[in-house]
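Numbering (the working numbering), first residue to last: 1090 to 1547. Every residue gets a Cβ at the ideal spot worked out from N, C-alpha and C, and that includes glycine.
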Ligand code: BGC
């Protein structure tokens, strides 16, 4: 057995998101979000689940912060619900919403847990979707006002900020899955471009805010991409998928530019207007302090014919590959992929500071012995992914922290409560919280700043 020790000031944390845990969907003046609307639309969410109550964190935040304290959590990444602060996205501040987050932040600090705020984790005020959502430049202006308010109000106590969670998912992803009605990749790409502008303007607003002595970054969902064969077609397909999923979002925030190969493809297929020079200038002048990286799985790619290269979705291999392991989400478990990804970003983007802002696994979690959920698969997953992270650090990658997704079982978007990712189990009838075996394991790891890895093999 080998002990893997992490660097002295490495940060250990957990992550959550407002809509997934808070509940209190219409309390204390909160406005409707697009997820309230989606979950109240019959047929949209598995089993008709909603985030109306979720983990009831809005009323139980003190208990949840105590859980974090007992776990030894050093930093807590959570998101602010925009419609709690501005019920219709803009206008008059809802003081009760602000006061909720004041209480959360103050309690975290009293318990020596660093608050890390995500400004936007998908719960857009529904009123802003009504005017076109991220496709509308007006929403960009509104976001910058919202962001500035948060920086000025909470910035005295919060020193780590994340502008967006996974822009790929809520732009190109949501639009091409028809989440907003009509399926449109074109709208998704236009929305993504606007989000990149909103991001750059928020970074700028932070640097000009009252308490600009912290760090600001963005969280992207990133993937190592592997071809299924050594054919030149699969090689090209891999470059395209890497471009759309990774470089399209990495290049703007770390280099201040767009990947020209992907831009060419999109401009050709979707007939999009070129990116204005002033937008590029804005991106270049507002690069991030750190990269937040959410990572769960690799992507495998195969192209049937040269023609299929223009049908991006068809290039992704969705079938399970024999001999490979998959989680409850159907996602491939491939820890070496994290090592490849970290090494590649380090090399291609001039050694940025990186935080893994999400990593974790959905398991069945149905074996409970002596009141403890026996989530051995989750522990195994975390161990192997952390071993890969450790290897990357040893190689010189500037990985500064790691946040498990997630503190407790919660509302897993379209899957409702059917998928469990938490270190803590939540009974969604009684709302009781129970420690899983992985919670004890993570507590131990934090205490020792490392863990025993069973084998020397990756
Ligand atoms: C999201 C989380 C989500 C997790 C697991 C990430 O893409 O940021 O909100 O729960 O994946 O699906």
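Asked, Found
"Buried or exposed by the 16-neighbour rule on C-beta atoms within 10 Å, applied to residue 1536", "exposed"
"Environment of residue 1138 [buried if 16+ CB atoms lie within 10 Å]", "buried"
"Three-state class that DSSP yields for residue 1355 in the structure shown", "helix"
"3 or more residues per run - each beta strand (DSSP E) lying fully within the stretch 1274-1359", "1304-1310 and 1314-1316"
"According to DSSP, residues forming a beta bridge with residue 1490", "1100 and 1444"
"Cβ contact check for the stretch 1449-1460 and the stretch 1111-1129: 3 or more pairs under 8 Å", "no"
"Heavy atom of the ligand BGC within 7 Å of residue 1109 beta-carbon", "yes"
"8 Å Cβ cutoff met for residue 1295 and residue 1390", "no"
"Status (buried if at least 16 other CB within 10 Å, exposed otherwise) for residue 1112", "buried"
"Assigned secondary structure, residue 1394 (DSSP; H/G/I helix, E/B strand, else coil)", "coil"
"Outcome for residue 1343 when other beta-carbon atoms lying within 10 angstroms are tallied against a minimum of 16", "buried"
"beta-carbon residue 1447 near the ligand ZN non-hydrogen atom, thresh 7 Å", "This structure lacks the ligand ZN; its bound ligands are the ligand BGC."
"Residue 1092 beta carbon less than 8 Å from that of residue 1470", "no"
"Check: residue 1439 C-beta below 7 Å from any heavy atom of the ligand BGC", "no"
"heavy atom of the ligand BGC below 7 Å from residue 1492 C-beta", "no"
"Residue nearest to residue 1196 in terms of C-alpha spacing, selected from 1247, 1212, 1174 and 1287", "1247"
"Cross-strand partners of residue 1254 (DSSP beta bridge)", "1308"
"Neighbourhood of residue 1161 by C-beta distance below 7 Å, restricted to the same chain and skipping five residues each side", "1532, 1535 and 1536"
"Three-state secondary structure (DSSP) of residue 1223", "helix"
"Residue burial classification, residue 1264 (beta-carbon count within 10 angstroms, cutoff 16)", "buried"
"Cβ neighbour criterion (16 or more within 10 Å) applied to residue 1545", "Only weak support is given to the placement of residue 1545: the predicted model assigns it a pLDDT of 47, under 50, and the value that follows is read from those uncertain coordinates. That one is exposed."
"Close Cβ partners of residue 1547 (< 8 Å) along its chain, the five nearest in sequence each way excluded", "Annotation note: pLDDT 37 at residue 1547 (below 50); position unreliable, coordinate value reported separately. Taken in chain order, the residues that qualify are 1424, 1425, 1428, 1473, 1476, 1477 and 1480."
"Same chain, Cβ closer than 7 Å to residue 1179, neighbours up to 5 away in sequence not counted", "1231 and 1234"
"When 1330, 1520 and 1485 are compared against residue 1095, the one with the closest alpha-carbon", "1485"
"Residue 1202 versus residue 1303 - alpha carbon distance", "16 Å"
"Inter-residue spacing [alpha-carbon to alpha-carbon] between residue 1281 and residue 1410", "31 Å"
"Closer than 7 Å: residue 1374 CB and nearest the ligand BGC heavy atom", "no"
"Sequence-distant residues of its chain with Cβ nearer than 6 Å to residue 1431 (five each side left out)", "1481 and 1486"
"Within the stretch 1166-1236, ranges of the alpha helix (DSSP H) (whole runs, at least 4 residues)", "1171-1174, 1184-1199 and 1215-1218"
"Runs of beta strand (DSSP E) lying entirely within the stretch 1104-1140, each at least 3 residues, in chain order", "none"
"Distance cut-off 7 Å: residue 1310 Cβ against heavy atoms of the ligand BGC", "yes"
"beta-carbon residue 1195 near the ligand BGC non-hydrogen atom, thresh 7 Å", "no"
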